[in-house]
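The structure appears right after this line, and notes come after that.
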Amino acid sequence: MRPYALLTFLLLGTSLLAQTPEAFNYQGVARDAGGDALANTAIGVQFQLHQGTAVGTVVYSETHSPTTNDLGLFSLEVGNGTPGTGTFAAIDWSAGPYFLEVGMDPAGGSSYTSVGAQQLLSVPYALHAKTAEMADDGDWVLSGDTVHSNGRRVGIGTTTPSQDLDVEGTFQLKDGTQADKKILTSDAEGNASWQELGAESLFGAGNLPPAYGNDISCLSTAGSLSLASSPRSVAVSGNYAYVVDFFSDDLKVIDISDPAAPVLAGSVGIGPLPFSVAVSGNYAYVVDINSDDLKVVNISIPGNPVISGSLGVGGSPVSVAISGNYAYVVDTDSKDLKVIDISNPASPTQSGGLGIGFFPSSVAVSGNYAYVVDLNSEDLKVIDITNPAAPALAGSLGLGANPRSVAVSGSYAYVVDDVSEDLKVIDISDPASPTLSGSLGIGPLPFAVAVSGTHAYVVDQLWDDLEVIDISNPAAPTLASSLSIGTEPIAVAVSGNYAYIVDTGTDDLRVIELFCPAEQQQVIYDPATGSFGSAPQIWQTSGDSVYVADQRVGIGTTAPSAQLDVRDASASELRLSLSSTHWSKLRFSSTEGLRIEAKNEGVEFRPMLLIGSEVKFYSGLGSTPERMRLASNGFLGIGTNSPANRLDVEGGLAVGASYSGTNPAPTNGVIIEGNVGIGTSSPANRLDVEGGMAVGASYSGSSPAPANGAIVQGSVGIGTTAPEYTLHISNGANTGSGSFGRGLKITDVTPRIYFEESDAAVNEKLMFLEKIEDGISFSSVIDNATLFRNQHILFVKGSGSVGVGTKAPTAKLSVNGTANNSTGSWGVFSDARIKTVQREFTDGLSVIDRMRPV
Numbered sequence: 001m002r003p004y005a006l007l008t009f010l011l012l013g014t015s016l017l018a019q020t021p022e023a024f025n026y027q028g029v030a031r032d033a034g035g036d037a038l039a040n041t042a043i044g045v046q047f048q049l050h051q052g053t054a055v056g057t058v059v060y061s062e063t064h065s066p067t068t069n070d071l072g073l074f075s076l077e078v079g080n081g082t083p084g085t086g087t088f089a090a091i092d093w094s095a096g097p098y099f100l101e102v103g104m105d106p107a108g109g110s111s112y113t114s115v116g117a118q119q120l121l122s123v124p125y126a127l128h129a130k131t132a133e134m135a136d137d138g139d140w141v142l143s144g145d146t147v148h149s150n151g152r153r154v155g156i157g158t159t160t161p162s163q164d165l166d167v168e169g170t171f172q173l174k175d176g177t178q179a180d181k182k183i184l185t186s187d188a189e190g191n192a193s194w195q196e197l198g199a200e201s202l203f204g205a206g207n208l209p210p211a212y213g214n215d216i217s218c219l220s221t222a223g224s225l226s227l228a229s230s231p232r233s234v235a236v237s238g239n240y241a242y243v244v245d246f247f248s249d250d251l252k253v254i255d256i257s258d259p260a261a262p263v264l265a266g267s268v269g270i271g272p273l274p275f276s277v278a279v280s281g282n283y284a285y286v287v288d289i290n291s292d293d294l295k296v297v298n299i300s301i302p303g304n305p306v307i308s309g310s311l312g313v314g315g316s317p318v319s320v321a322i323s324g325n326y327a328y329v330v331d332t333d334s335k336d337l338k339v340i341d342i343s344n345p346a347s348p349t350q351s352g353g354l355g356i357g358f359f360p361s362s363v364a365v366s367g368n369y370a371y372v373v374d375l376n377s378e379d380l381k382v383i384d385i386t387n388p389a390a391p392a393l394a395g396s397l398g399l400g401a402n403p404r405s406v407a408v409s410g411s412y413a414y415v416v417d418d419v420s421e422d423l424k425v426i427d428i429s430d431p432a433s434p435t436l437s438g439s440l441g442i443g444p445l446p447f448a449v450a451v452s453g454t455h456a457y458v459v460d461q462l463w464d465d466l467e468v469i470d471i472s473n474p475a476a477p478t479l480a481s482s483l484s485i486g487t488e489p490i491a492v493a494v495s496g497n498y499a500y501i502v503d504t505g506t507d508d509l510r511v512i513e514l515f516c517p518a519e520q521q522q523v524i525y526d527p528a529t530g531s532f533g534s535a536p537q538i539w540q541t542s543g544d545s546v547y548v549a550d551q552r553v554g555i556g557t558t559a560p561s562a563q564l565d566v567r568d569a570s571a572s573e574l575r576l577s578l579s580s581t582h583w584s585k586l587r588f589s590s591t592e593g594l595r596i597e598a599k600n601e602g603v604e605f606r607p608m609l610l611i612g613s614e615v616k617f618y619s620g621l622g623s624t625p626e627r628m629r630l631a632s633n634g635f636l637g638i639g640t641n642s643p644a645n646r647l648d649v650e651g652g653l654a655v656g657a658s659y660s661g662t663n664p665a666p667t668n669g670v671i672i673e674g675n676v677g678i679g680t681s682s683p684a685n686r687l688d689v690e691g692g693m694a695v696g697a698s699y700s701g702s703s704p705a706p707a708n709g710a711i712v713q714g715s716v717g718i719g720t721t722a723p724e725y726t727l728h729i730s731n732g733a734n735t736g737s738g739s740f741g742r743g744l745k746i747t748d749v750t751p752r753i754y755f756e757e758s759d760a761a762v763n764e765k766l767m768f769l770e771k772i773e774d775g776i777s778f779s780s781v782i783d784n785a786t787l788f789r790n791q792h793i794l795f796v797k798g799s800g801s802v803g804v805g806t807k808a809p810t811a812k813l814s815v816n817g818t819a820n821n822s823t824g825s826w827g828v829f830s831d832a833r834i835k836t837v838q839r840e841f842t843d844g845l846s847v848i849d850r851m852r853p854v
């Protein structure tokens, strides 16, 4: 006989929130093969729990031995039998589905025959709620769409929560604003949101000095990118700007990580006339006034944006703003504000809407309110969007004329009007009663406004400029600066220290640097109080300069002893470089002293100066030879590294504007134009030397000159650029041996001293003393063609004899020629006529003439 059972499942628990037993009830009727009930019979029952499918892995089994009643009915508790495989408490009910297989032995033994398997549905899974372990149903209160447990703790991943909500493990929060590298943070009221990771996110608002100050003098165009069509709207997020183009019908994604060189990263076709764009998280939201829809574009890969979903919104949508999981669109045809649920980007749906006026032109959202300006009703409407399904008008303010664009920051809304030509600042701290705080006339056609920090940024289509407005005092906004932009700027967005402007006249995106960088400050943390602050400011900035005014700067030392103190254990070096082969440096070491060096391998020069116990000068190419040395004893050597005198020059020396740089000095010689003083500060002569002087390779560096004397190896010219002899002194022109000047020459071949006069003289131009044979001769010359006109006019021999007209005197005085007594002449010359041997004469030739008249 083959028995079977009619299986019935019952769960005796009224709620998932109830105390959960570790079992669930099972009832069945045992029948024989003929269908008759097995009344009052002891039977064997086996339960097997399969995971996944009816024949899946058995994760738990147990057996029972019940006795049926008069109707063959038996009742069991699955979980309280005799375990066979696994334990009932270890079953992970969240890892289902599970199938319960029942086996029976009508004889009451353990030879079980399967009578079927069924999937466990919702009732047994109440066991999965046991982690809540609530005492009774009254712990949780249902109120409308809210369930709460006031004063109780909730644990996820733990049975012993230590806080109101205790999550042990990971969790995921998706609200549409999540993105790579964002952090979850909160505002002052504890409202959590995903934010970009930044200094303010880490340290809190107000704890860091601003990266940029209020110096607007840096306002300028940093970069631009041609878009070659008609850009209409721009939004910025992170390192990318998003531009919709009216005629190319696309969304362009532009990389702005380098503000000076924005580049196109990617684009996607949108529709006939895309009009406005907003960005949140990984999605851009674009409204199109031709296809009359909102398109959601996935921008997680900037180089390949793709459309995720779209929703027809009707009429002509002209402006879109995003907050949380909702997009807010104003439409000029349907004359309303639409609230669109974008929690599923692939399938946006309209949650609610509100008719607001004839021609809404711009919308901004902040907190629980949307702010809309209307060109027809000429007002600002404040709309409560707390319930997205039923937005309601909270308040409004008449603005007059033609409000074009609105931006919101903090407790103020900022509206530009292209008829009243102004910026209006509106206090919205009381949404039900917005009031005008202040206004500023700004230009003939202001078209768009953006707000960041203490400034509003307005583009004007007629003045073609960006106007930066200081709004730190909402009651009295003032123009801080302006910058010409293009021919028709139409939209502006601000991020960090840059404004991003699209221009439909020049068809480009322009990146504008706003403020000059603020002074750098170091963040300090006080662990005792947990507060942050700024370290004292040392370095100052001014324009493009960084400086320190009164403090010392140490490199390699914590105790600088000078304004700039660079230290190293072996050598300290300061270097100015263009490259590894083009540099100059200042280096100090214990071995060399101070080295000043420059190197430029392009033209192969390497000058150098060494300052130690001696000063050495180097210049030239390649190995850079030494050119000059100032020794420790004060001696200066040029061309020699071992000067033995005050000045040792190896080679020629020229001094004076007329000589130096134009006239080469003689080998190892000197030519000097003016007075020279060596060892004295006030030379009164052509050459004043206090001490010795040596000139020439054979003398300088080896032969000390006499005290206050000079030794010169070559020719010396004073007053002449071309000395012809060892010493050539001249006070007039001299062009060489072909013509004569005025002065003195001393020769070294045939020892002579020449006395010259000007070439203009008509008689003898030259007289000279000459050392010949054993005496000194005095001669005269008229010119080079008639040399020695009167040779040996006077000759003095080494023995003391004097010859007049002869170089061979035979007596103490020999005269070759006639002599006279001033009135006549002697035809024959003799000693007897001019002297006496008997007595000494005292009256010269007059006495002699009286004694022995001729």
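Going by my numbering, 463 is the number at position 463 of the sequence shown; the sequence numbering is gapless. Here a beta-carbon is modelled for each residue, glycine too, at the ideal position from N, C-alpha and C.
Item, Value
"Given that a residue counts as buried once 16 or more other Cβ atoms are within 10 Å of its Cβ, and exposed if not, what is Lys252?", "buried"
"Between Gly719 and Lys599, what straight-line distance do the alpha-carbon atoms span, to the nearest angstrom?", "41 Å"
"Can you give me the start and stop residues for the beta strand (DSSP E) that Ser114 sits inside?", "Thr113 to Gln119"
"When the distance is taken between beta carbons, is Ala23 closer than 8 Å to Glu77?", "yes"
"With DSSP as the reference, identify every bridge partner of Ser317, one or two as the case may be.", "Reading the sequence as shown, one finds Pro at residue 317 and not Ser. Asp331, per the DSSP bridge assignment."
"For my contact list, Phe485 and Val459 are in at a C-beta cut-off of 8 Å; report their separation, rounded to the angstrom.", "The question names Phe, but residue 485 is Ile in the sequence shown. Indeed, because the Cβ distance is near 7 Å, the residues count as touching under 8 Å."
"By how many angstroms is the C-alpha of Gly395 removed from the C-alpha of Pro431?", "6 Å"
"Quick one: is Gln119 buried, meaning 16 or more other Cβ sit within 10 Å of its Cβ, or exposed?", "exposed"
"Here's the rule: buried if 16 or more other CB atoms are within 10 angstroms of the residue's CB, otherwise exposed. What is Val689?", "buried"
"Let's see if you can read the secondary structure: which residues bound the beta strand (DSSP E) around Asp384?", "Asp379 to Asp384"
"From the DSSP output, which residues share a beta bridge with Glu626?", "Tyr618"
"Less than 8 Å between the beta carbons of Gly400 and Ser420, yes or no?", "yes"
"Measuring alpha carbon to alpha carbon, tell me which of Ser702, His455, Val670 and Thr680 ends up nearest Pro723.", "Val670"
"Can you give me the Cβ contacts of Leu653 inside the same chain, cut-off strictly under 7 Å, excluding the 5 residues immediately before and after it?", "Ala665 and Val670"
"Over the uninterrupted beta strand (DSSP E) stretch that includes Arg575, give me the two end residues.", "Ala571 to Ser579"
"Which of helix, strand or coil does DSSP assign to Leu73?", "strand"
"Could you give the DSSP three-state label for Ile216: helix, strand or coil?", "helix"
"Taking the alpha-carbon of Gly86 as reference, which of Ser495, Ser780, His50 and Val102 has the nearest alpha-carbon?", "His50"
"How far does the beta strand (DSSP E) with Gly441 in it extend, from its first residue to its last?", "Thr435 to Gly441"
"What does DSSP give as the partner residue(s) for Arg552 in the beta ladder?", "Answer by DSSP bridge pairing: none, since Arg552 is not bridged."
"Label Ile289 either buried or exposed according to how many other C-beta atoms from any shown protein chain fall within 10 Å of its C-beta, with 16 as the threshold for buried.", "buried"
"Taking the C-alpha atoms as reference points, what is the distance between Gly223 and Asn214?", "21 Å"
"Between Val234 and Leu509, how many whole angstroms is the CB-CB distance? I'm expecting something under 8 Å.", "7 Å"
"Thinking Gly84 and Thr63 are a contact (beta carbons under 8 Å), I'd like their distance in whole angstroms, please.", "6 Å"
"Less than 7 Å separating the Cβ of Gly315 from some heavy atom of the ligand FMN?", "The model on display carries no ligand, and the ligand FMN is accordingly not part of it."
"Output the distance between the C-alpha atoms of Ser226 and Asp255, rounded to the nearest integer angstrom.", "13 Å"
"At what residues does the beta strand (DSSP E) containing Asn298 begin and finish?", "Asp293 to Asn298"
"So for Ser702, helix, strand or coil by DSSP?", "coil"
"When you compare the CB positions of Leu462 and Gly443, do they come within less than 8 Å of one another, or not?", "yes"
"What did DSSP end up calling Ser323 once you bin it into helix, strand or coil?", "strand"
"Keeping to the same chain, check which residues put their C-beta closer than 8 Å to that of Gln163; ignore five residues upstream and five downstream.", "Arg153"
"Are the beta-carbon atoms belonging to Gly353 and Gly176 less than 8 Å from one another?", "no"
"If we count the other Cβ atoms within 10 Å of its Cβ and call it buried at 16 or more, is Lys181 buried or exposed?", "exposed"
"Out of Leu479, Arg629, Val406 and Ala528, which one is the CA nearest neighbour of Ala491?", "Val406"
"What's the C-alpha gap between Asn633 and Pro625?", "22 Å"
"I need the straight-line Cα distance from Ile342 to Val330, nearest angstrom please.", "16 Å"
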